[in-house]
Amino acid sequence: MNMTTVAELPAGFADKVTSAQSTFRSVMDAMARPGRICRVAAALTAPSPLMPAVAAIALTLFDHDTPIWLDAAIAGHRDVGQWLKFHCSAPVVEDASVASFALIADSAQMLPLERFALGSNDYPDRSTTLILQVESFTNGPALELSGPGIRGTAELAATISPDLVAQLACNRALFPRGVDLVLVAGSEVVALPRTTRLTAKGG
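Right, here's the structure in full:
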């Protein structure tokens, strides 16, 4: 069995403070303006199959107090778990319902949203933020977004399944409970908080 040593793991941020601050601003901007494509400018080598922006978000938001759940497509790469533990001190858990964050590379096989932590009416923040890698923000089915942070409506064509769109509608109905979703395509991010309404454009 080949074991990756610490020295062989991809490095973290070259400039930790500046890169973390920049990434944090990008994620917060995306959460405040659902549907808006925001760029994560931090340059780093991500362990496969993580996209650069996902790795940057992990280095910025994950720590020893944030249990992480990995889908099978990511968990199958041992280097990712080692990298997260080394750079973030983040524990990797097998139970999605106790995860603060979930990293998902295979949307077709992702768990139902109800399997993740949904928070409670008293503590809605005790929920999972899902970070989902997608192929594109422009080549998927056209969606219309509305809700807090959106003036009127916004449009998005992310490559997510109709089933996930339907699940997000159910998730929105749970407010203040529910999960938040961050989509990542390469170095770009789009946030879909639990308050955002998604409908098929023209539907």
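Quick note: the sequence shown uses the working numbering, first residue 1169, plus one each step. From the three backbone atoms N, C-alpha and C, an ideal C-beta is built for every residue, glycine too. The model shown is predicted, which means the values in this text are computed figures rather than measured ones.
Buried or exposed: residue 1321, going by 16 or more other Cβ atoms within 10 Å of its Cβ?
exposed
What are the residues that DSSP puts in a beta bridge with residue 1237?
1261 and 1270
For residue 1169, which of helix, strand or coil comes out of DSSP?
Only weak support exists for where residue 1169 lies, its pLDDT of 40 falling under 50; the coordinates are left without a value.
Residue 1357 - partner residues in DSSP beta bridges:
1206 and 1352
At 4 residues or longer, and completely inside the stretch 1274-1346: list those alpha helix (DSSP H) runs for me, N to C.
1330-1341
Which residues DSSP lists as bridging residue 1366, in chain order:
1313
Quick one: using the 10 Å Cβ neighbour count with 16 as the cut-off for buried, is residue 1358 buried or exposed?
buried
Tell me which residues share the same chain as residue 1356 and place their Cβ nearer than 6 Å to its Cβ, disregarding the 5 neighbours each side in the sequence.
1205 and 1207
Residue 1216, DSSP secondary structure in three states:
coil
Per DSSP, what kind of secondary structure is residue 1246 in: helix, strand or coil?
helix
Integer-rounded CB distance, given that residue 1311 should sit under 8 Å from residue 1323:
7 Å
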